[in-house]
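S.K.: Residue numbers (the numbering used here): 132 to 532.
No residue lacks a Cβ here, since even glycine has one placed at the ideal position from N, Cα and C.
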Amino acid sequence: MKYEIVIGLEVHAQLKTQTKIFCSCSTEFGRPANENTCPICLGMPGVLPVLNKQAVDFAIKACLATCCQVNSHNQFDRKNYFYPDLPKGYQITQLDLPIGEHGHINIEVDGKKKCVGVTRIHMEEDAGKLIHGENMDSPGKSYVDLNRTGTPLIEIVSEPDLRSPEEAREYLTQLKAILEYTEVSDCNMEEGSLRCDANISLRPVGQKEFGTRTELKNLNSFRFVQKAIEYEVERQTQILEQGDKVIQETRLYDSDKGVTRSMRSKEEAHDYRYFPEPDLVRLMIAPEEIEKIRKTIPELPEQKRQRFVTEHEIPEYDAGVLTSSLALANYYEECIALLAQPKIISNWVMGDLLRELKNDDREIENCPLTPEALTDLLKLIEKGTISGKMAKTVFEEMYQS
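(1) Can you give, in chain order, each stretch of the beta strand (DSSP E) that sits fully within the region 314-353 and has at least 3 residues?
(2) Rounded to the nearest angstrom, what separates R354 and R300 at their Cα positions?
(3) Skipping 5 residues on each side, what residues in its chain have a beta carbon closer than 7 Å to that of A193?
(4) Excluding the 5 residues flanking G139 on each side, which residues of the same chain have their C-beta closer than 6 Å to its C-beta?
(5) Do E141 and D328 have their CB atoms nearer than 9 Å?
(6) Where T381 and T391 are concerned, what is the direct C-alpha to C-alpha distance, given to the nearest angstrom?
(7) DSSP three-state label for M394, please.
(8) Once the 5 residues before and after G281 are set aside, which same chain residues still bring their CB inside 8 Å of it?
(9) Which residue's Cα is closest to the Cα of L411: E447, I223, K210, P215?
(10) Using only alpha-carbon positions, find the residue among D188, N167, V137 that is nearest to I421.
(11) Report the start-end ranges of each beta strand (DSSP E) in the region 203-262 that is 3 residues or longer and not cut off at the edges.
(12) Measuring only the C-alpha atoms, how far is S456 from Q373?
(13) Straight-line CA distance for C498 to E430?
(14) What three-state label does DSSP hand D402 in the structure shown?
(15) Count the other CB atoms within 10 Å of the CB of M254; is the residue buried (16 or more) or exposed (fewer)?
(16) Quick check on P283: does DSSP put it in helix, strand or coil?
(17) Expressed to the nearest angstrom, what Euclidean distance is found between the alpha-carbon atoms of A468 and H204?
(18) Just mark C199 as buried or exposed, buried being the case when its beta carbon has 16 or more other beta carbons within 10 Å.
(19) Specify the secondary structure class of I138 as computed by DSSP and reduced to three states.
(20) Hey, which unbroken runs of the alpha helix (DSSP H) at 4 residues or more fall wholly within the region 458-501?
(21) Go ahead and pull the three-state DSSP assignment for Q145.
(22) Could you pull out every residue in the same chain whose Cβ sits closer than 8 Å to the Cβ of G264, ignoring the five residues on either side in sequence?
(23) Within 10 Å of its beta-carbon, does Y212 have 16 or more other beta-carbons around it, so buried, or fewer, so exposed?
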């Protein structure tokens, strides 16, 4: 290629607290519209926010799991903008003094390992949600659901270290696994618990200066992230090949048509007028509090992957697939506890089981086949009761019925 791709990702993850970040309203998903609200998260005059300690603990845990330095001095700031789903007219976030900085996440693509920097992790509150009338038999109207308003978020900002759509997808896969393993977020993309913005630019190979970037907003699946970046790289390449300049702008991805569309240009960008949040004092985190939380961090995906290779003697590729989610890793280890055939179980889980789950668009948590059922089938092969070929047919019937 004449051009080098430069990608940085901003990931918003909802923290798995039972209540919101500044009030005691429930964060339960799927409640009737505007039920999980109170004067504080609705931004009524005279109300005061109170910080949720569990949200801070989860944010610290996420920082430690991504090798970030946890800052002992934190400050909340007001980010001012006007939108129907933001009742206060501002969002409480962190600007200059975030909770964590200078971390990294290790990835591997096509056999090449890479360390991707994490610039910062900061805490903030989520906005509400607009439901457009086409979804409610009311064309031309939009409805505001403020149940999500005030749900605690962390935003994880990567360094511009990613050089391909495949690397971007792998980075997201590893980050999602870390958040799931530490249980700070459920990472349910369908419910909006994990959302991604991508910054993409091109520069001639060998050039140090970055090219003009575009930002893709609110990508809500790994596949869409990869497809959107692929399209944007092709679009920017064509512009540069024609001798034109890429315009700095924010774009949205149309998943139905597989294209990105302009949302606003740099000239239309918001002036957020940040200033320190006057209703919240600075957050001071004691070193002993950080160490206390560090002790609660479980075995992380990279550690589990290495253990699977050494302890179960399976290939690194198998271990990478099997540890891509905590639920899948647990399923695999439950099978091994019932039948000490790590490689055979790995083949069946990675092949037949994941194929059927993908066809049904199911996650491993909703798998109709228990570890006991799968290992009972494999024991029949081991005893010679049925052949491997017969077992494939039996497996399909077991999965369906």
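M.R.: The relevant details are as follows:
(1) Segments of the beta strand (DSSP E) lying fully in the region 314-353: 325-335, 345-350.
(2) If you number the sequence shown from 1, residue 354 lands on position 223. If you number the sequence shown from 1, residue 300 lands on position 169. Taking the CA atoms as reference points, R354 sits about 8 Å from R300.
(3) In the sequence shown, the residue the question calls residue 193 occupies position 62. By the criterion of a C-beta distance shorter than 7 Å, A193 is surrounded in its chain by I252, I285, L310, T313, V315, once the five residues flanking it on both sides are discounted.
(4) Along the sequence shown, read from residue 1 onward, the residue named residue 139 stands at position 8. Excluding residues within five positions, the ones whose Cβ falls inside 6 Å are S289, P291, N330.
(5) Taking the first residue of the sequence shown as 1, we reach residue 141 at position 10. Taking the first residue of the sequence shown as 1, we reach residue 328 at position 197. Yes, the Cβ-Cβ distance between E141 and D328 is below 9 Å.
(6) For the purposes of this step, residue 381 is identified with residue 250 of the sequence shown, where counting begins at 1. For the purposes of this step, residue 391 is identified with residue 260 of the sequence shown, where counting begins at 1. The straight-line gap from Cα to Cα measures roughly 10 Å.
(7) Along the sequence shown, one-based indexing puts residue 394 at 263. Three-state DSSP puts M394 in a strand.
(8) Reading the sequence shown from its first residue, position 150 is the one you call residue 281. Excluding positions up to five away in sequence, the list reads K151, I152, F153, C154, C156, I171, C172, E256, D257.
(9) By 1-based counting over the sequence shown, the position of residue 411 is 280. The shortest C-alpha separation from L411 is found at I223.
(10) For the purposes of this step, residue 421 is identified with residue 290 of the sequence shown, where counting begins at 1. For I421, the closest of D188, N167, V137 by C-alpha to C-alpha distance is D188.
(11) If we require 3 residues or more, the beta strand (DSSP E) runs fully inside the region 203-262 come out as 208-211, 221-224, 231-240, 243-256.
(12) Within the sequence shown, numbered from 1, the residue matching residue 456 stands at position 325. Within the sequence shown, numbered from 1, the residue matching residue 373 stands at position 242. CA-CA distance, S456 to Q373, rounds to 43 Å.
(13) Here the question's residue 498 lines up with position 367 in the sequence shown. Here the question's residue 430 lines up with position 299 in the sequence shown. So the alpha carbons of these two residues sit roughly 24 Å apart.
(14) Counted from its first residue, the sequence shown places residue 402 at position 271. When DSSP states are grouped into helix, strand and coil, D402 belongs to the coil group.
(15) On the sequence shown, residue 254 is found 123 positions in, with the first residue counted as 1. By the neighbour-count criterion, in which a residue is buried when 16 or more other Cβ atoms sit within 10 angstroms of its Cβ, M254 is buried.
(16) Mapped onto the sequence shown, residue 283 falls at position 152. Here P283 sits in strand by DSSP.
(17) Reading the sequence shown from its first residue, position 337 is the one you call residue 468. Reading the sequence shown from its first residue, position 73 is the one you call residue 204. Here the alpha carbon of A468 sits roughly 46 Å from the alpha carbon of H204.
(18) For the purposes of this step, residue 199 is taken as residue 68 along the sequence shown, with counting starting at 1. So C199 ends up on the buried side.
(19) By 1-based counting over the sequence shown, the position of residue 138 is 7. Note: I138 maps to strand in three-state DSSP.
(20) Taken in chain order, the whole alpha helix (DSSP H) runs of length 4 or more contained in the region 458-501 are 473-479, 485-491.
(21) Numbered from its first residue, the sequence shown carries residue 145 at position 14. Correct three-state label for Q145: strand.
(22) Indexing the sequence shown from 1 puts residue 264 at position 133. When the five nearest sequence neighbours on each side are left out, the beta carbons in the same chain lying within less than 8 Å of the beta carbon of G264 are those of P270, G271, K272, S273, Y274, in order along the chain.
(23) The residue given as residue 212 occupies position 81 in the sequence shown. Counting other Cβ atoms within 10 Å of its Cβ, Y212 stays below 16 and is therefore classed as exposed.
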